[in-house]
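Peer 1: Got a structure for you, written out below as structure tokens; questions coming shortly.
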Amino acid sequence: MLLANENTESSNKDSIKDSKENIESKSQDSNTSKQNAKSNKENKDSKDNIESNEKDSNNIESTTQDSIDKDKSEKELKQQEKEQKKKEKQLQKDIKKAKKQKPLNILPDNNPYLIDYTTLDRKYYPFIQRSGKFYDSDIKETIRKVDIAERKSGVFVGILWGANINVNTASLLANLDSINPLNNPYITNTNYLLFGLKIGYQSYMGQVLPLNTLGYQIFVDIASSFGQGAVFYTTLNIGLLYDFFETNGGKFGATFFINFGFGSANITGFSNNNIYEFAGKIDIGLGVRINGKNKINFSLISSVGGMQSYFVSGIPSIGYEYVF
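In terms of UniProt numbering, the sequence shown opens at residue 1 and continues consecutively.
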């Protein structure tokens with residue numbers, strides 16, 4: 001009986017010991033679980049922090065990039081506005097320049113036909129037909145010549161200043177053998193006070209003469225000098241113009257001219273009754289065209305002669321003309 005009790009007590013002790021060990025084991029497992037849970041939570045928090053930091057970093061980068069893009073966009077916009085203003089200014093200049101010039105009706109060079117025939121002014125057609133050249137390049141050149149010739153043509157007015165040297169040719173021929181070259185009574189004193197005016201019309205657009213190269217002019221002039229050996233004349237003239245040099249689209253050039261005229265003239269002292277007699281005139285010289293409309297003429301060989309008293313007056317002069 002006592003043995004049985006001892007065994008029972010021993011068994012109970014073992015059971016208690018096992019229970020205690022189980023409890024301790026469970027307690028350890030519980031602590032381990034808590035630690036694992038805490039560790040997992042810390043890992044999760046750390047991960048969240050990392051993700052948050054990455055998001056913040058991405059946001060900062062995105063904000064920085066947006067700022068850079070915005071600055072770049074503003075610079076590009078300012079540059080575009082600047083270029084646009086520059087183009088507008090250039091366009092205004094081109095418009096002003098185009099208004100001053102007469103249109104050629106010529107399209108840009110990238111147009112295969114060069115010329116817009118649908119809007120081409122009909123004034124060009126007679127000159128195109130007369131040229132006998134119908135390639136676009138030839139027609140383009142004809143149009144250019146017509147436009148230049150048109151600018152050079154029109155009503156003109158002019159003034160002149162010069163001198164006159166008078167000779168009575170009738171007396172000179174009658175007494176040719178008795179003339180003393182050192183004391184010639186048949187040549188009066190040179191008069192440097194010759195002034196004159198002229199008004200007329202000139203054209204380089206004739207259908208017979210070469211376009212823009214040869215022209216003609218018709219004008220009336222009146223001139224008078226003052227003092228001893230004065231001459232006075234007024235004549236109706238017709239002349240031929242030859243532009244042998246031209247540059248800058250016809251704005252500048254050089255002209256040879258020859259004019260013939262008839263009218264009335266008088267030289268003081270060569271006529272007993274001081275009458276105005278029928279007279280002829282010839283004028284040969286060179287002209288310089290400036291800026292298209294202005295011309296300076298140099299009369300190199302010029303004279304007017306009476307048909308009754310047979311006087312001749314040499315009248316070299318320099319003149320200015322403006323073509324409207």
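We treat Cβ as the ideally placed atom computed from N, Cα and C, and that holds for glycine.
Just so you know, these numbers come straight off a predicted model, no measurement behind them.
#1: I need the DSSP call for Thr247, collapsed to helix, strand or coil.
#2: So what does DSSP say about residue 377, is it helix, strand or coil?
#3: What distance in whole Å lies between the Cβ atoms of Gly200 and Phe156, which are believed to be in contact at a cut-off of 8 Å?
#4: Who are the near neighbours of Ser131 in its chain, counting only those whose CB is closer than 6 Å to its CB and skipping five residues on each side?
#5: Going by DSSP in three states, Val208 sits in which element: helix, strand or coil?
#6: Spell out whether any CB of chain B is found under 8 Å from the CB atom of Ser225.
#7: Please determine, among Lys133, Tyr135 and Arg144, the residue with the shortest C-alpha to C-alpha distance to Asp121.
#8: Pull up the distance between the alpha-carbon of Ile267 and that of Ile318, whole angstroms please.
#9: Since Gly154 contacts Phe324 with CB under 8 Å, what's their CB separation in whole angstroms?
#10: Between which two residues does the beta strand (DSSP E) carrying Thr255 extend?
#11: Could you check what DSSP says for Thr235 in three-state terms: helix, strand or coil?
#12: By DSSP, does Leu3 sit in helix, in strand, or in coil?
#13: If we count the other Cβ atoms within 10 Å of its Cβ and call it buried at 16 or more, is Tyr204 buried or exposed?
#14: Just confirm the distance between the C-beta atoms of Val288 and Ala254, as a whole number of angstroms; I'd bet it's less than 8 Å.
Peer 2: Answer, in terms of the structure:
#1: strand
#2: Since the first residue shown for the chain is 1 and the last is 324, residue 377 is missing from the structure and cannot be characterised.
#3: 6 Å
#4: Thr142
#5: coil
#6: Of the protein chains in this structure there is only one, and it is not chain B.
#7: Arg144
#8: 21 Å
#9: 5 Å
#10: Phe252 to Ile267
#11: strand
#12: Caution is warranted here: a pLDDT of 44 is assigned to Leu3, below 50, making its placement in the model unreliable, and no coordinate value can be reported.
#13: buried
#14: 6 Å
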